[in-house]
Amino acid sequence: MHYAPVNASDLIPITGAYRHRVAPPQVAGYEGVGTVISAPSAYSHLVGQRVLPLRGVGCWQRYVDIYPQLAIPVPEDITSTLAARAYINPLAALLMLQQWPVSGKNVLVTAGGSACALLLAQWAKLHGARRVVMVYRSSTHAEKLHALGLTALQETARDAIKTVSAQTDIVFDAVGGDVGQLIWRTLAEHAQFVAYGVLSGTPVKVNATRPVLHWFHVRHTLGDIGAAPWQQLFIELWPLLRDSECGEVEIFPMSEWRAAIESYHQSGRTRKPLLCLDE
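Everything in the sequence shown is counted per the numbering used here, starting at 348 for the first residue and increasing by one.
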């Protein structure tokens, strides 16, 4: 292994929130990048190649064993620091946009400072969205969002958020809480509210069938996807990642994992913590 990022999906199981499907002792980390050092003869061509070791055991360790047919080869022009982040957030963004097409629609995205929201907004524009508006918490994110040509509203601008929400067709929400609740209450009945995270700790509560609230999870959406369609997803992802703003990283040696987690929780953080696993 070379690098592995710190994501919410890595940290939530550690808290015990996923105790129904996590049986300790277990290594944390759902994504990362490494170089193949050994493989069965049928996959000997992968030896020496960088791959994403996904859908196996935890990635926060020096060596990982995975099923070779699930190893995702990394193109030569993709840096290791980008490849390490190519699964959790990019795949979630791609799958949501496939499941809820945005062409010709007004889109609202919360958690504007997050990696997944940043990709959702950029790719929604590529998919022909009529308008994309971002809602962010910390003012440190405003400059980047405006530089990308995105309309951005701070969470405290409640009246402006209500005005935009009333004209929105699809919401991609990772926050929940008061902001998510406000948006859902203000949406038109035809709108779709896609909840893919609860960063506030409080999920949106609904008391009506419309506007429709959908819960999205990468794991549930993929199910037991076979090797061929699994590989195809990344063939679609690499070109998107090449041409997108994917945010900056801050690298921590594995011995400083506590500092990496602390960095992840900092309000207004602008760089993704990345664990360096190289000795």
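Where is the CB? At the ideal position from N, CA and C, for every residue including glycine.
Leaving out five residues on either side along the sequence, give the residues of the same chain with a beta carbon under 8 Å from the beta carbon of V398. Cβ neighbours of V398 beyond the five flanking positions: V380, G381, T382, V383, A418, I419, P420 and V421.
Residue environment, N354, which counts as buried when at least 16 other CB atoms sit within 10 Å: Its Cβ being crowded by 16 or more others within 10 Å, N354 is buried.
Would DSSP call V369 helix, strand or coil? The answer is coil: DSSP assigns V369 none of H, G, I, E or B.
The alpha helix (DSSP H) enclosing A575, as first and last residue numbers: For A575, the enclosing alpha helix (DSSP H) begins and ends at A574 to R589.
Sort out for me which residues DSSP pairs F563 with in a bridge. F563 pairs with nothing; no bridge assigned.
Taking the beta carbon of W470 as the centre, do at least 16 other beta carbons fall within 10 Å, making it buried, or is it exposed? In the assembly as shown, W470 is a buried residue. Its beta-carbon has 16 or more other beta-carbons within 10 Å.
Rounded distance between the beta-carbons of A574 and V522, thought under 8 Å: At roughly 35 Å, the Cβ-Cβ gap does not stay under 8 Å, so V522 and A574 are not in contact.
Between which two residues does the alpha helix (DSSP H) containing Q463 stretch? As written in the sequence, residue 463 is Cys, which differs from the Gln given in the question. It spans A462 to L473 - the alpha helix (DSSP H) in which C463 sits, taken as one unbroken run.
What are the boundary residues of the alpha helix (DSSP H) that includes L444? Annotation for L444: the continuous alpha helix (DSSP H) segment containing it runs I435 to Q446.
What does a CB cutoff of less than 8 Å around T428 pick up in its chain, not counting 5 residues either side in sequence? Y350, V596, I598 and L621.
Using the Cα positions of L584 and D590, report the straight-line distance between them to the nearest angstrom. Approximately 10 Å, taken between the alpha carbons.
Contact set for P558: own chain, Cβ-Cβ below 8 Å, skip 5 residues either direction: The beta carbon of P558 sits closer than 8 Å to those of W531, L534, A535, E536, H537, A538, Q539 and F540, all from its chain and outside the five residues before and after it, given in chain order.
Straight-line Cα distance separating P437 from H392: Distance between the alpha carbons of H392 and P437: 27 Å.
According to DSSP, is W415 part of a helix, a strand, or is it coil? Position check: residue 415 holds Pro in this sequence, whereas Trp was assumed. Taken through DSSP and simplified to helix, strand or coil, P415 comes out as helix.
Between the alpha carbons of I413 and G405, how many angstroms are there, rounded? The alpha-carbon atoms of I413 and G405 are separated by roughly 10 Å.
Contacting residues, own chain, Cβ-Cβ under 8 Å from S385 (five flanking each side not counted): V394, listed in sequence order.
Using the Cα positions of S485 and V374, report the straight-line distance between them to the nearest angstrom. CA-to-CA, the gap between S485 and V374 works out to about 32 Å.
Ranges of the alpha helix (DSSP H) found wholly within the stretch 505 to 567, counting only runs of at least 4: Runs of the alpha helix (DSSP H) inside the stretch 505 to 567: 505 to 512 and 524 to 533.
For T457, which residues does DSSP report across the bridge? T457 pairs with nothing; no bridge assigned.
Residues near A507 by beta carbon distance below 6 Å, same chain, minus five either side: Here the set comprises L500.
Kindly indicate which three-state DSSP category P360 falls into: helix, strand or coil? Three-state DSSP puts P360 in a helix.
Assigned exposure category for Y377 - 16 Cβ within 10 Å defines buried: Result: buried.
Buried or exposed, going by whether 16 or more other CB atoms sit within 10 Å of the CB of I517? Residue burial annotation: I517 is buried, with at least 16 other C-beta atoms found within 10 angstroms of its C-beta.
Rounded Cβ spacing between V456 and A462 (contact assumed at less than 8 Å): Contact flag wrong, Cβ pair sits at about 12 Å.
Who does V482 pair with in a DSSP beta bridge? DSSP, once it has assigned bridges, lists L500 as partnering V482.
State yes or no: is the C-beta of A555 nearer than 7 Å to some heavy atom of the ligand NAP? As for the ligand NAP, it is missing from this structure, which has no ligand bound.
Specify the secondary structure class of Y350 as computed by DSSP and reduced to three states. The answer is strand: DSSP assigns Y350 an E or B state.
Around the Cβ of H488, are there at least 16 other Cβ atoms within 10 angstroms (buried) or fewer (exposed)? Buried, because 16 or more other Cβ atoms sit within 10 Å of the Cβ of H488.
Which one or two residues does DSSP pair with E595 in a beta bridge? Its beta-bridge partners are R618.
From the DSSP output, which residues share a beta bridge with R397? In the DSSP output, where bridge partners are listed per residue, R397 has T382.
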